[in-house]
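> There's a structure below that I have some questions on.
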Amino acid sequence: MIEVRNVSKSYRRDSLRVPVLNNITISVPDGEFLALMGPSGSGKTTLLNLIAGIDRPDDGSIEVNGTNVAALSESALAQWRANNVGFIFQFYNLLPVLTAFENVELPLLLTNLPKKKRREHVEAALTLVGLADRMGHYPKQLSGGQEQRVAIARALVTDPTVLVADEPTGDLDRVSAGEVMTLLDRLNKEFKKTIVMVTHDPRAAEKAHKVMHLDKGELT
Amino acid sequence: MFVLKLVIKNALRHKLRTLLTITGIAVAVMSFGFLRTVVTAWSYGVEASAANRMITRNAVSFIFPLPYSYRDQIARIPGISQITWANWFGGAYKDPADFKNFFPRMAIDPETYFLVYPELIVPPDQMKVFAQERNACIVGKKIADQHGFKIGDVITVEGDIYPGRWDFVVRAIYTGRDKSTDETQMFFHWKYLDERIRELQPGRDGQIGWYVFLATDASKMPAIAQTVDEQYVNSRAGTKTESEREFQQGFVSMSSAIIRSLEIVSFIIIGIILLVLANTIVMASRERTTEYAVLKTIGFSPGHIIGLIGGESLLIAALGGALGLVLTFPLAGAFAQMFPTFFPVFNVETVTIILAATVAAVAGVVAALFPTIRALRTSIAEGLRAIG
Amino acid sequence: MKIPFSYTWRSLWARRLTTALTLTGLTLVAFVFAAVLMLSRGVENTMIETGSPDNAIILRKSATSELVSQIDRDHANIMKTFPEVALLPDGKPFASTETFVVINMRKKGSNDMGNISVRGVSPEAMELRPQVSLKEGRWFTFGTQEIVIGTSINEQFQNASIGDRIAFGGTFWTIVGVVDGQGSAFDSEVWGDANQIMAAFNRPVYSIVLIRLRSAEEFDALKLRIEQDPRTSYTEVKREQVFYREQSQALSGFIKGLGLVVTIIFSIGAMIGAMITMYAAVANRTREIGTLRALGFRRRSVLGAFLIESILLSLIGGTFGVALASFMSLVKISTTNFGTFSELAFGFALAPDIIVSTLIFAVVMGVVGGFLPAVRASRLNILAALRSA
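Protein chains in written order, with this note's numbering: chain A, 1 to 220; chain B, 1001 to 1388; chain C, 2001 to 2389.
Structure representation (C-alpha cells):
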C-alpha cells in the first residue's frame, strides 16, 4: 500500500522557486499497476522519485507499506530502497563495465546472501526475463530491449514489493517495447508486484489498471 | 571485494587515459625521488660522520692553517684518544675547468690517519709500500675506476695553494667499509708536502690544515671542544673545534640556498602529480555521475561511492608511484655514472623511497577528494538526469 | 573553411574545471622553466658586472680562483710598471695589488655559516672598479684596521652594520661603510687595506694584481710580455670579465643543468596532462565534431580547431608562468659559489629572450600534447560520430 498525502515539492533554480508538485494525494493499493501520464515538466518523474525514496517532499508524507519514507535518514533510506523497491529507467542505466549477470547481482551484494544463493537468484531473475543465455554479455553486446530486460531483472532480483519504472519503453522500438510491457504485466499479475510507471506512450499505459494524469503539478 | 573489482574495471575503461596518467605520475615521482636523492647526497658527509670524531680548524676559516705544535698540546687533553691531521692540497689534475677531473687531494699522516678513519680500508701489503715511499699516494676505488689509475701509475698535479708540479705514485687503492663512505679521495704523505714547501716557500712549513681526533666518550665532546678552543683563544691562530657531524653540517649549510630551492622544486612536483591525477579523476567521476546515482538508487551507501572514486585514484597513484620508484634507481645510477665526483656518494636512500611512496599515496587521496564530495552532494534525482 | 575562434574559446570555458587544472600544470612548468633560466642568467650577470672590459687580472698560472693564487710582492711591483699599464694623472701606475682571503660569518635567520671574501686592496682599487660606490658611512682609511662591506653582506649576515667589529687575523676590524657593487660579486665582499690584512694573516704574498690597460687592445701585448719575462712567467693575465665569467661557470652550469633536467621531466607531466584534457575534449564532443563535419568543415579544419585549442591553453599557461616568474626578480639568493669557495649573492634576471624561450617552450608543450587528440578528432567517422551519445 502506497499512501501519498498532501505532498508538495518545488525546486530552486537560481533564486527562483519552481513549484513541481502541488498538494498531491494518491493512494496505490497492493498489486496495483498505475501509470502516470502528463506532458514534460508536469512533475510525474518527481512524484515517482518521491515514492521510490530517492527524493524528499517539501511538505506532506509518503507511506509505503507502513513506512514513512520521508522521515528516514539518508542511510536508512538507502537500506529501505535496497529491500523494498526495484527501479527501471528509461536509459536502462546498466553499468557498462559489468556483465548482465554482474549487473543483476549488484543489489544482492548489499545483502548477506552467500555467493551460491546469489547465483541462484540472479539466474532465476534472468530466466524470468528470458535472458538466461545472455548472462556473460556486456551491455554493449545487447540490444536496447535486452538491456531493458536485464534492468528489469536487476529491479526484481531482491524480490521487492514495489517496482518503479520511469519511461521504461521511452527509448525502445515498438517490438521491444511490447516485450517489456508484457513482462511488466506478467510481473504484476503473476508475482503480485505493485508497479508505478511514468510514461508518455499510450500503448504502454494500456497495460496499466489505472492511469492518472498530471499537469503543472496537479492531478487532473 | 565488489568495489575493488569495479575500481579495476573502471580504471581500464579509458585505457589510454589511465596509461597516460600513470606515465605522468611515474615521471613526476621519479623526478621527485631523484631530487630528494640529490638533497640527501649533498649531506652525505653528515650521514657518514663517526659519532666520536671531532675536528679542530682555524677559527677564521677552513682555509687558514694551524701550527704543527698544536698536535701534542691537543693530544694531551683528557678524553682524546687518537689524533691525526690533514692539509687540503687542491691543485689541478688535467684540465681543471672540466669538473669531472675534480677529486679531493689531501696530505695526511699515514701512521695515524687510517686509525681515525677506520672506514677507509687499505690492503695491508699496499699500505706497507705506501708508508715507505715519500711521494706515494692512495686513491679511492671510485676515482681509480673513473680515471683508470693502477698501482704504479703516476698522477701529476699542478699545485695552486702549494705551487709547483707534483708527481705522485699510486701505491694503494682504498675501498669504503660502508655504503656511505667517500671513495673519491686521494691521500699522500704530509711529510712530503712539508719538506718540499720548506724549500720552496720557507716559513710556510709546519702548517696543518685541520686536526681530527677521537673522543673516548661521545657525551664529553662539547666539553672537549670548549677545552681545546679556550686553550688557543689568545693565540694568533684561534681554533674552532666541532664534532665531525657539525663540521660537515657547516659545509652543507654553505649551499643551503640551493638545497632549499631543490626542496621547493620537489614540492612543486607534488603539485604536478596532483594536477595530473586530479584531472583524470575529475573527468572520470563526471562521466560516471549517472552510474553513481544508479548505484545509490539500488541502495549502495556513500561509503561505496567513496571507495569507488578513492579506490580508482589510489590504484592509479599506486601504479604510477611504483613505476616511478622503480625508474628512480636507473636514473640515479645513470647520473652517478655521468658525474662520478660531483657527489662522492649518490644512493637512493630508504627514506627517499618511503617519502616518494607517501607523496603518491597522499596525492591519490587528495585527487579523489573534490570529485568524491561532488558525487556525494549530487542528489540521485540530479544524477539520473545528468548525461555524460 | 576555418572553424571560428570563438568555438575554441567557448569550448575551453565550457570545461572550466579541467581547463583550470591543465592550465595550472602548464603554468607551473612554464614558471619553473623561466625561473631556472632567470637564475642562471642572474649568476652570469653578477659575474659579468664584476669585470670591466679594459681591466686585466693577473693570477698565478693554474690558479682556479683568486683564493689560491699567490704572487710575490716584488714581481707584482715589476708588473705594475709594464708599459701596457695605464697611468694615473700623478704618474703612478693605474693598478691595485690585492690579497684575497675567506672568513666565516653567520647568516641572519638561519644561522648558517657563509664564506665571506675579504679583499685587501691598494688605494687605486676603487677607481679601477667604478661600479663600486659608497652607499652608507665612509671609505676605510688606509693604514688602519677599518673595513667596508658589500650590501649583500650587510643585508644577509649577522653583526654586519656600520660600527660593528669583526674578529679575524688575530685582531678586530671596524665596519665604517657599506658599498654598493650594483649587483656584482663585490656586493658579497669585505674590503680593507691590503697591507693591514696581509700583516694580520702573516701573508708574505699578494693574491692578484689588477691593472687598467692603456687601451683594451693592449691586452695581447701585455700577455706576451708577462709570458716572456722570466720573473713573471709563472703568472697569467686574463681579461677581468672573462675571468669572472669562468668563476661562475660551475655554479650557473649546475643550476642550468639540474634545472633543465627537472624542467624537461616536468614538461612531460604537463604534456600528458594537456593530452588527457584534449582527449577528453574530443571524446565529449564526438557528436559535435560529427555535426561540424556534416556541415561541411573539412578534416583539416577540425584538426586545426583542436590544435589551436591546446596551443591557446599552453600560451595562456606560458604567459601566466612568465608573469609569476617575473615576481621572482624581487628575490635575492646568497649561496657558496663552487668556483671561488665563497659567498655570492645573485638574483633572478628576467630578459626578453627568456620570455620568448618560455613561450616557445609552452607552445611546444601544447602542440605535442594536443596533436594526437586533434588527429583522433579529425579522423572520426561522420556517421559514427553523429550516432554516438
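Glycine included, each C-beta is placed from N, C-alpha and C at the ideal position. This structure is a prediction, so every number in the text was calculated from the model and none was measured.
Would DSSP call Thr220/A helix, strand or coil?
Stepping through the first sequence from its first residue, residue 220/A is reached at position 220. In this structure, Thr220/A counts as coil in the three-state DSSP scheme.
> Count the other CB atoms, across all protein chains shown, that sit within 10 Å of the CB of Arg1177/B; report buried if there are 16 or more and exposed otherwise.
Indexing the second sequence from 1 puts residue 1177/B at position 177. Classification of Arg1177/B: exposed, given that the 10 Å Cβ count is below 16.
> Look at the Cβ atom of Leu2067/C, then the Cβ atom of Phe2100/C, and state whether they are nearer than 7 Å.
Position 67 of the third sequence, counting from 1, holds the residue named residue 2067/C. Position 100 of the third sequence, counting from 1, holds the residue named residue 2100/C. Cβ atoms of Leu2067/C and Phe2100/C: closer than 7 Å.
> Is there contact here, the region 2089-2103 of chain C with the region 2116-2131 of chain C, by at least three beta-carbon pairs under 8 Å?
Because the criterion of three Cβ pairs below 8 Å is met, the region 2089-2103 of chain C and the region 2116-2131 of chain C touch.
> Determine whether the beta carbon atoms of Val261/A and Val211/A lie at a separation below 7 Å.
What the structure shows of chain A is the stretch from 1 to 220, and residue 261/A is not part of that stretch, so it cannot be assessed.
> Counting contacts by CB-CB distance shorter than 7 Å, is Ala2280/C in contact with chain B?
The sequence position of residue 2280/C within the third sequence is 280, counting from 1. Closer than 7 Å: yes.
> Any contact between the region 2015-2023 of chain C and the region 2313-2321 of chain C? By contact I mean 3 or more CB pairs, one from each, below 8 Å.
Judged by Cβ distances under 8 Å, the region 2015-2023 of chain C makes contact with the region 2313-2321 of chain C, as three or more pairs qualify.
> Grab the span of the alpha helix (DSSP H) containing Gln1126/B for me, first residue to last.
Looking up residue 1126/B in the second sequence gives position 126. It spans Pro1124 to Gln1132 - the alpha helix (DSSP H) in which Gln1126/B sits, taken as one unbroken run.
> Count the other CB atoms within 10 Å of the CB of Ile1387/B; is the residue buried (16 or more) or exposed (fewer)?
Your numbering for residue 1387/B matches position 387 in the second sequence. For Ile1387/B, the predicted structure reports a pLDDT of 49, less than 50, and the residue's modelled location is therefore unreliable. The matter cannot be settled from this model.
> Please go through the same chain and pick out, in chain order, the residues whose beta-carbon is closer than 7 Å to the beta-carbon of Asp1153/B, but skip the five residues on each side of it.
As a working note, residue 1153/B is residue 153 in the second sequence. Val1170.
> Under 7 Å, Cβ to Cβ, is there at least one residue of chain A near Gly1388/B?
Sequence index remark: in the second sequence, residue 1388/B carries index 388 (1-based). No answer about Gly1388/B holds up, because its pLDDT of 39 lies below 50 and its placement is not dependable.
> Give me the subset of the region 2026-2044 of chain C whose CB atoms are less than 7 Å from a CB atom of chain B, sorted by chain position.
Listed by position along the chain: Leu2028 and Val2032.
> Less than 8 Å between the CB atoms is what I'm expecting for Met1/A and Thr199/A, so what's the real figure, rounded?
Residue numbering aside, residue 1/A sits at position 1 when the first sequence is read from its first letter. Residue numbering aside, residue 199/A sits at position 199 when the first sequence is read from its first letter. About 22 Å separates the two Cβ atoms, so there is no contact after all.
> Just to confirm my understanding: we take Ile2354/C, look at its own chain, exclude 5 residues before and 5 after, and list those with CB closer than 7 Å. What are they?
On the third sequence, residue 2354/C is found 354 positions in, with the first residue counted as 1. Counting only Cβ-Cβ distances below 7 Å, and skipping sequence neighbours, we find Ala2034, Leu2037, Met2038 and Arg2041.
> By how many angstroms is the C-alpha of Leu106/A removed from the C-alpha of Val1365/B?
To locate residue 1365/B, count along the second sequence from 1; it is residue 365. To locate residue 106/A, count along the first sequence from 1; it is residue 106. Rounded to whole angstroms, Val1365/B to Leu106/A spans 26 Å at the Cα level.
> In angstroms with no decimal places, state the Cα-to-Cα distance between Gly1045/B and Ser1256/B.
On the second sequence, residue 1045/B is found 45 positions in, with the first residue counted as 1. On the second sequence, residue 1256/B is found 256 positions in, with the first residue counted as 1. Approximately 14 Å between the Cα atoms of the pair.
> With a threshold of 7 Å between beta carbons, is Ala2063/C in contact with chain B?
Locating residue 2063/C in the third sequence gives position 63, where the first residue counts as 1. So, interface residue.
> In chain order, what residues of the same chain have a beta carbon less than 8 Å from the beta carbon of Gly1310/B, not counting five sequence neighbours either side?
Here residue 1310/B is taken as the residue at index 310 of the second sequence, counted from 1. Taken in chain order, the residues that qualify are Gly1364, Val1365, Ala1368 and Thr1372.
> Report the start-end ranges of each alpha helix (DSSP H) in the region 1274-1354 of chain B that is 4 residues or longer and not cut off at the edges.
You should have 1289-1298 and 1302-1338.
> Got a sec? Which residues, its chain only, sit under 7 Å from Met2328/C by beta carbon, not counting five neighbours each side?
Here residue 2328/C refers to the residue found at position 328 when the third sequence is read from its first residue. If we look at Met2328/C and ignore the five residues flanking it on each side, its Cβ neighbours are Ala2035, Met2038 and Phe2348.
> Would you check if the region 1232-1240 of chain B and the region 1057-1071 of chain B touch, i.e. whether three or more CB-CB distances between them fall below 8 Å?
The region 1057-1071 of chain B is in contact with the region 1232-1240 of chain B.
> Please list the residues of the region 1045-1056 of chain B that have a C-beta atom closer than 7 Å to any C-beta atom in chain C, keeping them in chain order.
Under the 7 Å Cβ criterion, the region 1045-1056 of chain B contributes no residue.
> Who are the neighbours of Gly2169/C on chain B, taking C-beta pairs under 9 Å?
Stepping through the third sequence from its first residue, residue 2169/C is reached at position 169. Those are Val1060, Phe1064 and Arg1236, listed as they occur along chain B.
> Could you tell me if Asp30/A is buried or exposed, where buried requires 16 or more neighbouring beta carbons within 10 angstroms of its beta carbon?
Start at 1 with the first residue of the first sequence, and residue 30/A comes out as number 30. Counting Cβ neighbours within 10 Å, Asp30/A comes out exposed, since fewer than 16 surround it.
> Quick check: the Cα distance between Glu190/A and Leu50/A, rounded to an integer number of angstroms?
The residue labelled residue 190/A in the question sits at position 190 within the first sequence. The residue labelled residue 50/A in the question sits at position 50 within the first sequence. Rounded to whole angstroms, Glu190/A to Leu50/A spans 26 Å at the Cα level.
> With a cut-off of 7 Å, does the C-beta of Ser1285/B fall near any C-beta of chain A?
Locating residue 1285/B in the second sequence gives position 285, where the first residue counts as 1. No, no contact with chain A.
> Quick one: does Phe87/A have its CB under 7 Å from some CB of chain B?
Indexing the first sequence from 1 puts residue 87/A at position 87. It does; some Cβ of chain B falls within 7 Å.
> Identify the continuous beta strand (DSSP E) that holds Tyr11/A and give its terminal residues.
One-based indexing of the first sequence puts residue 11/A at position 11. Residues Ile2 to Arg13.
> I think Thr2027/C touches Phe2320/C, with their Cβ atoms under 8 Å apart; what is that distance to the nearest whole Å?
As a first step, residue 2027/C must be located in the third sequence, where it is residue number 27. As a first step, residue 2320/C must be located in the third sequence, where it is residue number 320. The pair is a contact, with the Cβ atoms about 4 Å apart (cut-off 8 Å).
> Near Ser8/A, what residues of its chain come up, given a Cβ to Cβ distance below 7 Å and the 5 sequence neighbours on each side ignored?
Counting from 1 along the first sequence, the entry for residue 8/A is found at position 8. Cβ within range, chain order: Leu21, Asn22, Asn23, Pro57, Asp58, Asp59 and Gly60.
> Kindly list, in the order they appear in chain C, the residues whose Cβ is closer than 7 Å to that of Phe1099/B.
Taking the first residue of the second sequence as position 1, residue 1099/B is located at position 99. Going along chain C in sequence order, the residues near Phe1099/B (Cβ under 7 Å) are Ala2250.
> Put Phe2031/C into one of helix, strand or coil per three-state DSSP.
As a first step, residue 2031/C must be located in the third sequence, where it is residue number 31. Three-state result, Phe2031/C: helix.
> Going by beta carbon distance, what residues of the same chain come within less than 8 Å of Tyr11/A, once the five residues before and after it are set aside?
As a first step, residue 11/A must be located in the first sequence, where it is residue number 11. Taken in chain order, the residues that qualify are Arg17, Val18 and Val20.
> Report yes or no: is there a C-beta of chain B within less than 7 Å of the C-beta of Met2198/C?
As a first step, residue 2198/C is located in the third sequence; it is residue number 198 there, counting from the start. No, because no Cβ of chain B sits closer than 7 Å to the Cβ of Met2198/C.
> For Trp2013/C, count neighbouring Cβ atoms within 10 angstroms of its own Cβ and tell me buried if that reaches 16, exposed if not.
Walking along the third sequence from the start, residue 2013/C turns up at place 13. Burial call: exposed.
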